[in-house]
Structure formats: structure tokens, C-alpha cells
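**Student:** This is the structure I have questions about; it appears just below.
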Amino acid sequence: MTGPALLSTVIWLPILAGIAVLFTGSDRNANLARWLALAGALAGFLVALPLYANFDAAAHGMQFVEMTPWIEAYNINYHLGIDGISLLLILMNTFTTVLVVLAGWRVIDSRVGQYMAAFLVLSGMMNGVFCAMDAALFYVFFEATLIPMFIVIGVWGGPNRVYAALKFFLYTLLGSLLTLVAFIYLYTASGASFALLDYYRLQIPLSAQILLFIAFFAAFAVKVPMFPVHTWLPDAHVEAPTGGSVVLAAVMLKLGAYGFIRLSLPILPDASHVLAPVVIGLSLAAVVYIGLVALVQTDMKKLIAYSSISHMGFVTLGVFLFNTLGMQGAVIQMVSHGFVSGALFLCVGVLYDRMHSRLISDYGGVVNKMPVFAAFFMLFAMANSGLPGTSGFVGEFLVVMGAMQLNFWYAAAAGTTLLFGAAYTLWMYKRVVFGAVANSHVEALSDIGARESLVLALAAVAVLGMGLYPQAFASVLHISVGDVLALAMKSKL
Amino acid sequence: MSYEIPDFLLAAPEIFMLTMVSAILVVDLFLPDRRRVWTYILTQITLIATAGIILVAGGEDVAYTFNGMFVGDPMSDVLKIAVCLTVAVMLAYSRSYASFRGIYRGEFFVLSLFSTLGMMVMISANHFLVLYLGLELMSLSLYAMVALPRDSGISTEAAMKYFVLGALASGMLLYGLSMIYGATGSLEVTEVAQRIADGDAIPTILIFGLVFVVAGIGFKLGAVPFHMWVPDVYHGAPTAVTLLIGTAPKLASFAFIMRLLVQALGIQQLLVEWQQMLVLLAVASLAIGNITAIAQTNLKRMLAYSTISHMGFLLLGILSGTIEGFGAAMFYSIVYVLTALGTFGMILLLSRQGFEAENLEDFRGLNQRNPWYAFVMLLLMFSMAGIPPTMGFWAKLFVLQAVLSAGYIWLAVVAVMFSLVGAFYYLRVVKLMYFDAPTDAHPIEPYADVRVLMSVNGLAVIVLGLTPGALLAVCQRAIQLSL
């Protein structure tokens, strides 16, 4: 164990920075708010780096553990700890926060302090979800993330933002409330404990496991989101401001998948096995059907939103294959999708800021006016279609291999994404970027400036780095994935 | 029977308060209107001092006095302190409102204190008649307070409704109590419990009485199907009085239920009987309260229906029938009161001469008018909805835990589903404050003390949300030591 309370710092530093930003007050101090937020986000990322440096990839179990009694009457502890899976997600989350702060630098010009504060607080809370080893703590962080995102969508969102914000909030709340009941049930069954590690050891009969699985599923499937409870996501994405979309796609969706890995599989191994075919079926439906749905979208943000659902289908597929390749692929896909979809939303944001339209038909020939931007956009589009050498390839390849071990047809169905993914992404790219300049608005476009270049370059480094040297990411995963699978394979009946 | 000098010390807070109210009543007569602030200050001193006396005199043991009619136990101490402080905060919030509504008069303060005294007597009663005495002292003061703006038709109507239905409820309650008296031959809480445990009571009459008692409780608490008065009274009463009705009496009602149902009639067979009745009341309250609240455009009415649903949740904690459950319910009631104080306080804060911020629309764009109050209101609304990290979440969690451990899984699921419905209308308030543009540009300029209190109130919601352990421990311990 290194340094005092590293995980607490990772969680609370961004939250405190967010509160400080909130106190900059009105928009007269907008610049102060921006710089303070950037400092907070950078500090948040920097304090997460020692986690990676000091992480012992060869050790089993949780690392950097912190444990303090919180509510003694109910045996609730402030218990934190991470494994390789959480580690990668924390790094991705803190990195994304920096991008979001930079991306909203000029675009957001009203209530800047509140906007920046919301993202910093959100970032800290999501780190909390990834670190929590106590069910009550997990739930508090998991739920609390809804509040800043609700505000972000509702205040800075598009014309239909109220509908989208309410739908987002209520839809996800519905799922998590059932999880709360499940947690309380487990608390009672385990003899008054909220510790996840106790739940891992708890013997639960199959009938109860299945009910609990459904309760967890309600929360996590909505969050991922899996087909057919995905309908809130396109609305939320379309209406959210760029930063909101980025965080939503890059990090928030991962909370659901993370929940499956951290809670459903190890606590309810038997139910997970019994219901795996259903989950796999839904995942494949997401991959294939939603991939086709993405093909016909006319709105760029909607297209990327559907592409997200389709890619997240890969994640849930990988998780429920119960083999190392699948699980490892799923986690890598989670991180990679965070970078890629985040970057794509940033690209759409760049265009939207200039044209105030997300419709593909309003564009055409953008490359003539914005060559630098077109190059970045190209890279991310390729990554989204899973081109080898980009991060998108690694995860998908591993999951398809994992699926092949289990069943050829799973793999075949999953493999179609390479086709559909390329089709919808590149077709969109072609219509927006290539060709002759479509209209006078496009004619008036100016290429990205230094700040936007910096944001996209950072994202590009992450995408390429992960694609070219996946070992840096996979190495910390190996033992952790093995641990989760070991728990998931051990029957509790 | 020889005469025993009762232990007056145990009732010192009540005696002190009564003396002070009488003094204030006289002093106020000689004060001209511009010196009215002295009445206010004296009232505040009384309330704070009473809380102080309870804090100092309170112990860890259960003691009886006045021939077993009056009890002092940790539960009553905690609740009485909470009641006194709640009324003190309520008076601070309503000072400016009361003056422009023309109810900033001696009666307002004296009646507030008398109702507080009634609540304190109710909380400490160990005898059905004392319980009733406290209840009536509280209720009659409140009826009169609702009618304070006597030229207002809507207030008079509300007062009339409140009075008639309140009297009906009292009648039911008395009828029920008389049955229990008939069945057991005693009016003393501990004595009744003893007789029932010994099997000396006539079961049929007892259960008959129980039904009426539960109906009376339902009325006082505002649980469905006895909730009809709640929205009209909340709406019709001047907001300062609504604030009083919506907060402190809930604490007294909690004690009332504990004394009657748990301490007097809490023996196993009877417990099962009233559990079933409370299940019905709780589920109906959760359903009607939450669903009807959606349709309201008046914030006071919306909060009235929200109160009904919260009382349903409170009943859930009690019907679990375990020490933990009672502790959770007590925690819930204190958390609810703290949140409701802030919420109604916000209405008072936004109101001004000739304008009541009682419609949902009046909160439009509050974030642009005053971000800090908008943020406080946001915290309060999320606490009402039970979203972490606010304290409202913990209150719900602990109650749900009690319900589940009592074996009512379906009840817990019903409760969370209605919380989801509830979340919608609380979110609507947040939406109005944050997503919409303001239609009202008047500056918001409360007194400095209100500003501080409101900020503390809002921060308490989040601070207690992050560290609920201490308050919970106080509640759990108080219940453990008192039962």
C-alpha cells in the first residue's frame, strides 16, 4: 500500500474542486471557473496516475484498500479498493474529465461555473463507484451520479432537453431502486453486512439468485444500456451538450457493465449461468439489430448513440461468455469505447458549434474547409469501425475469439459488427466529410483551433496508444479478470 | 390512597414553557405593534431554553410521575428537543411573511407555543387522557392559527374543515380509547399493556377499540383514506402556519403512535392486527399521495400530497414491529421534518408583500435569480425524493431494511416503485428552477438570520446525508432505552 488514502484522493479531489468552482459564482468570473476546473481535472488525472504506477499486476484481490466504519448501526463501511478493471476505468474517467473541461471551454458561455462543477463532481462520484467495496457506498455513488447529469442535460441541452433529462433520470432510477431492494435483501441474508466481499462468499439458493439477478439486471441493463431498454440513450445523447454526451458515452454507460462484473457475476454465479443465454441473446440483438438501426440515422449524434449501444452489446456479450478472452475483451472494449465514442462526440460537437446542426444532410465536403479536423475525425471513425491498430480492434477481436470458444454462431453474429460498424460509421463520414462543398454554411466553416486540436489530439493519443500497445492495459487485467471468473465459476448452491 | 408529591422535575420543560407562555401572553398585551419584536424574541428564548432544559435534565432512564400519567424517557427527550427547535426555526422563517400577511401579532406566537406545549405533553403522555389532552391542546391551537387571517375566505374555509374533521377524528379516537378502557379497565399505557399481556382483556372489544384508534391516528397523521383535510388545510392556511402543521406535529404523531400502538397495544397478537391495518394505510397513502401529487400546480398542495406519501413511508417503519424499525421510523420523521422545514421555508422566503410564492410556476428560473437558494431547494427536493447523497435516502433505506427484515418483500418493492413516481414531481420543481427562464425579477432579500438558517438547513440535508450515523444512533438508542 502506498501513500495515504490514494483512492479517497481520487474520489474527493475532483468533488472538492467542483465545489470550489461552484463558489466562483456568476459568469463574471467565468474565466476563473474555467481555469480552476481545468486545474481540478488535471489534478484529478494526475493523482490517478500513481494508482497505475504502484499497482501490483501480479497480486490477487483488492489493492489500495481503505476501510473506515461509516454507519455503525447498520455495519456500513467506507470501504474502498480497486483491481485492474477498476483501475483502467478510473484512468479513463479522469482522462475524459480533462477532455470535457477543455471541450466546453468557449462553447459554454452561460453559468460556466455550474457546468464545470457538475462534471468535476460527476467524475469524482464515478470514481467512487469504481472503488466502492461496500454495497451501500456503491449505491450512493451510483445513484448520486444521476443528479449532475440530470442538471447538465437539462440546463445546457438542446430544444427537447427537459424530456430527455427526465427520461434519463426516471428510467435509470427505476432500475436502481430495485437494486436497492436487492442490496437490503442481501444485507439481511448475510447477517447484517453490506460488504461486497461477504456477498461473494454468501450461499444463496437458485430461486433467490434469479430474483436478485433480475433486480441487478434492471439497474445495470438500463445503464449499459442493453436492448430493449436502450431507448433513453438516443434521447439523452441528442439533447445533451457535447460534454454531457462524452461523459455519458465514455464513462456513465460503463457503470452498468462494471456492475455486471463487480456484482452480478461474483455474487450470483449460478443465476448468471442460467440466464447467460438470455443476456447473450440480448447482447447479440444489440450488436446486430442496433447496428442496423444506426445505419439509417440521419442525425449524427443519434447515429453515434446507436453505435454506442451496439458496441456496449459487445461488452455484455464478453462478460457473459465466462471465459478469459471474453471478459478481458469486454473490459478493454469498455475502455476503448470510452475513448472512441467520447472522441466521436467531441468531433460532432466541433461541427455542431459551427453549424448548429447535427443532421448529416446539412453537411458535405467538410474536408475542403477543415482538413485537420477531417484527419482526426477519420481516425476516430476508423477506430469505431474496429480498424486494427486502433483501440477499437483489440476489444472486439478478443470478444469474438472468446465467443468462438463457446459457440460458432455467437461469434458469427458478433462478427457482423465489423461489417455494420464500418458501414454506418464510414458512410456517415463519407457523407459529412467528403465530396464537394455542399452549401454556403459549409463554405463558411473554419478549421479547428489550437484548443480543439489539443482535445482531439489527446483523444487520438489514447486511441492509438491502446491499439498499438494493448499490453499496457491488458497486463493489469489478467489477474483481476481471473479473480472475477473464478468467483463466477464457483457454484453457490 | 395517600397523596404523593409528584416529581415535578420530570415535567420541568412543560412547566417552564407554560409559565413562559402565560408571561408572554400578558407581556404582549402591553406591547405596541412596533415593539412586537420583543414577543418574538421572548418566544424564541422560551423555545431554545426549553430545549436546553430537556437536554440538561434528560437522562438515560425511564421515569414516571403524576401517578404514572407522565413519562420521561430518552425517546421523549429527543422528540421534544426536535419539536422545540423545529418551532423555533419555523418562527424565524415566518417572521417577515407573518408581518406582511398581518398575522404578526401576539396570538401567532402564543398559539404556536401552546401547540408546542400540546405536542410536548403528547410526547410524554403515559395515560390515554393525558395523550388526548396534549392532542387537543395542539390541535385547537392549530385550528385557531389556520383562521388567523380572518378576512381570507380560503383560510376560514380551511380552518373550518380542519376543525370539523379534527373533531371527528378526536371522537373516533376517544371512542376507541373508551373501548380499550372497557376491555382492560385501565387508561394507563403501561398498565393496559400489562393487563393485555396477562390475558385479562376481552379480545373482541379490544380489537374493536383498536380499529377506532387506528382510524383516529390515520386522521391525525393524514394517512389515506383519512387524508381529505390535508391538501385543503395546507393550501388554505397561511404558509407560516402550513409550515407549522407540516412539521412538528409529525414528530408528536410519531410519539403518539409509539405510545398507543407499540407501548399500550404492542403485544404479539394485537401487533399482528394493527400491522395489517397499517399495511393498508401505508400502501394507500403511498399510492394516492404520490400519484395525486403529480397533478398539482400549487406547491403547497403538492407538498400536502407528498406529506401523505411520506406518512405512508413512516407507517412502513412502524409496522415492521421491530426496535430497529421504530428507530428507522423515528429517524425518518426527524429527517422528514428537517426537509419539510426547508421546503416550506423556501416558499416563505420567496414570498413578499402581496405575493405568495405558492405556485410551482413561481420557482421558475430560481437558479438565475439566486443560485444559492436554488441549490438549497435542489438538495431539499432530492432529499424528499430519497436520492443519495442526501439524508432522505438513508431515511428510506433504513425503513426499507426494517420492512424487508420483517418479511414484507412485496411491500418494499411497492414502496420503491412509488418513490419512483414521487421522484417525478420533485424533479419537476428542480426542472422549473434550473431549466426554465425566470418570469419574476424581484430580488430575494430575506433577513440575515433567515439567510443563515436556510443555508444551514440546506447544508444539513447533505451533511447528514454523508454522515447519518450520529443522528441514527441517537434515534436507535432512544428507542432501545425507552421500550
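Protein chains in written order, with our numbering: chain A, 16 to 508; chain B, 250 to 732.
Here a beta-carbon is modelled for each residue, glycine too, at the ideal position from N, C-alpha and C.
Note that the structure is a prediction, hence the values are computed from the model and not measured.
1) Residues of the stretch 164-179 of chain A with a CB closer than 8 angstroms to any CB of chain B: list them in chain order, please.
2) What does a CB cutoff of less than 7 angstroms around A536 (chain B) pick up in its chain, not counting 5 residues either side in sequence?
3) Listed from N- to C-terminal order along the chain, which residues in the stretch 699-714 of chain B have their beta-carbon within a distance smaller than 9 angstroms of any beta-carbon of chain A?
4) Do we get a CB-CB distance below 8 angstroms when we pair T339 (chain A) with the residues of chain B?
5) Using the Cα positions of V712 (chain B) and R369 (chain A), report the straight-line distance between them to the nearest angstrom.
6) Please confirm whether any heavy atom of the ligand NAD lies closer than 7 angstroms to the CB of G591 (chain B).
7) Of all the CB atoms in chain B, is at least one closer than 8 angstroms to the CB of V196 (chain A)?
8) Indicate the three-state DSSP secondary structure (helix, strand or coil) for A578 (chain B) in the structure shown.
9) Can you tell which of A:L114, A:G76 and A:V36 has its C-alpha closest to the C-alpha of F472 (chain A)?
10) Report all residues from its chain with a CB closer than 7 angstroms to the CB of Q602 (chain B); omit the five preceding and five following residues, and keep chain order.
11) Is I372 (chain B) helix, strand or coil when you go by DSSP?
12) Is the CB of P692 (chain B) under 8 angstroms away from at least one CB in chain A?
13) Listed in chain order, which residues of the stretch 67-89 of chain A have Cβ atoms closer than 9 angstroms to some Cβ of chain B?
14) Examine chain B for any beta-carbon lying closer than 8 angstroms to the beta-carbon of E158 (chain A), and answer yes or no.
15) For F153 (chain A), which option in A:G139, A:M164 and A:P163 has the closest C-alpha, if you only look at C-alpha atoms?
16) Looking at the secondary structure, which residues open and close the beta strand (DSSP E) in which T314 (chain B) lies?
17) For the stretch 219-242 of chain A, which residues have a beta carbon sitting closer than 7 angstroms to at least one beta carbon of chain B?
18) Examine chain A for any beta-carbon lying closer than 8 angstroms to the beta-carbon of A661 (chain B), and answer yes or no.
19) Report yes or no: is there a C-beta of chain A within less than 8 angstroms of the C-beta of K410 (chain B)?
20) Do you know offhand how far Y683 (chain B)'s Cα is from G614 (chain B)'s?
21) Shortest alpha-carbon distance to Q293 (chain B) belongs to which of B:L660, B:I543 and B:V332?
22) Exposed or buried, A255 (chain A), counting other C-beta atoms within 10 Å across all chains shown (16 or more means buried)?
23) Can you round the beta-carbon distance between F360 (chain A) and V448 (chain A) to whole angstroms, since I take them to be within the 8 angstroms contact cut?
24) Taking C-beta pairs closer than 9 angstroms, name the residues in chain B that Y200 (chain A) reaches, listed in chain order.
25) If you reduce the DSSP assignment to three classes, tell me which class N90 (chain A) lands in.
26) Find the residues of chain A that neighbour Q725 (chain B), judging by a C-beta separation of less than 9 angstroms, and give them in chain order.
27) Taking a cut of 9 angstroms between CB atoms, which residues from the stretch 347-358 of chain A lie near chain B?
28) Could you give the residue range of the alpha helix (DSSP H) that holds F354 (chain A)?
29) Check the Cβ-Cβ distances between L732 (chain B) and every residue of chain A, and say whether any is below 8 angstroms.
30) For Q729 (chain B), which residues in the same chain have their Cβ closer than 8 angstroms to its Cβ, ignoring the five residues on either side in sequence?
31) Tell me whether R277 (chain A) sits in a helix, a strand or coil according to DSSP, three-state version.
32) Quick one: residues in its chain with C-beta nearer than 6 angstroms to the C-beta of T17 (chain A), no 5 flanking neighbours on either side, listed in chain order?
33) To the nearest angstrom, how far is it from the Cα of M148 (chain A) to the Cα of D98 (chain A)?
34) Less than 8 angstroms separating the beta-carbons of A722 (chain B) and A207 (chain A)?
**Tutor:** So, to answer that:
1) Taking 8 angstroms as the Cβ-Cβ cut-off against chain B, the residues of the stretch 164-179 of chain A that qualify are F165, I166, G169, V170, R176 and V177.
2) In chain order, F667 place their CB closer than 7 angstroms to the CB of A536 (chain B), counting only its own chain and leaving out the 5 sequence neighbours on each side.
3) Only G714 from the stretch 699-714 of chain B bring a Cβ to less than 9 angstroms from some Cβ of chain A.
4) With 8 angstroms as the cut-off, T339 (chain A) does not count as an interface residue toward chain B.
5) Distance between the alpha carbons of V712 (chain B) and R369 (chain A) is about 43 angstroms.
6) With respect to the ligand NAD, the structure shown offers nothing to examine, as it has no ligands at all.
7) With 8 angstroms as the cut-off, V196 (chain A) counts as an interface residue toward chain B.
8) DSSP, reduced to helix, strand and coil, places A578 (chain B) within a helical segment of the structure shown.
9) Checking the displayed sequence, the identity of residue 472 (chain A) turns out to be Ala instead of Phe. With respect to the C-alpha of A472 (chain A), the residue from A:L114, A:G76 and A:V36 having the closest C-alpha is A:L114.
10) Closer than 7 angstroms at the Cβ level, and outside the excluded window around Q602 (chain B), lie F349.
11) The three-state secondary structure of I372 (chain B), taken from DSSP, is helix.
12) Taking Cβ atoms only, chain A never reaches closer than 8 angstroms to P692 (chain B), which makes this a no.
13) Hits within the stretch, in order: P84, W85, I86, E87, A88 and Y89.
14) Yes, E158 (chain A) counts as interfacial toward chain B.
15) Among A:G139, A:M164 and A:P163, the Cα nearest to that of F153 (chain A) belongs to A:G139.
16) T314 (chain B) -> beta strand (DSSP E) spans A312 to T314.
17) Close to chain B, meaning a Cβ-Cβ distance shorter than 7 angstroms, is no residue of the stretch 219-242 of chain A at all.
18) With 8 angstroms as the cut-off, A661 (chain B) counts as an interface residue toward chain A.
19) No - not a single Cβ of chain A is within 8 angstroms of the one on K410 (chain B).
20) Just so you know, the alpha carbons of Y683 (chain B) and G614 (chain B) end up roughly 6 angstroms apart.
21) The candidate whose alpha carbon is nearest that of Q293 (chain B) is B:V332.
22) Buried, because 16 or more other Cβ atoms sit within 10 Å of the Cβ of A255 (chain A).
23) At roughly 16 angstroms, the Cβ-Cβ gap does not stay under 8 angstroms, so F360 (chain A) and V448 (chain A) are not in contact.
24) Think of a sphere of 9 angstroms around the beta carbon of Y200 (chain A): the chain B residues whose beta carbon falls inside it are L653, I658 and A661, in chain order.
25) Of the three classes helix, strand and coil, the one that applies to N90 (chain A) here is coil, per DSSP.
26) Among the residues of chain A, those whose CB is under 9 angstroms from the CB of Q725 (chain B) are A88, following chain order.
27) Of all residues in the stretch 347-358 of chain A, none has a Cβ within less than 9 angstroms of some Cβ in chain B.
28) For F354 (chain A), the enclosing alpha helix (DSSP H) covers residues T339 to M370.
29) It does not: the Cβ of L732 (chain B) has no partner Cβ on chain A nearer than 8 angstroms.
30) Non-local C-beta neighbours of Q729 (chain B) in its own chain, meaning closer than 8 angstroms and more than five positions away in sequence, comprise I572 and G576, ordered along the chain.
31) It is helical.
32) The pLDDT assigned to T17 (chain A) is 46, lower than 50, so where the model puts this residue is not dependable, and the model offers no usable value.
33) Their backbone Cα atoms lie some 11 angstroms apart in a straight line.
34) Contact flag unset, no.
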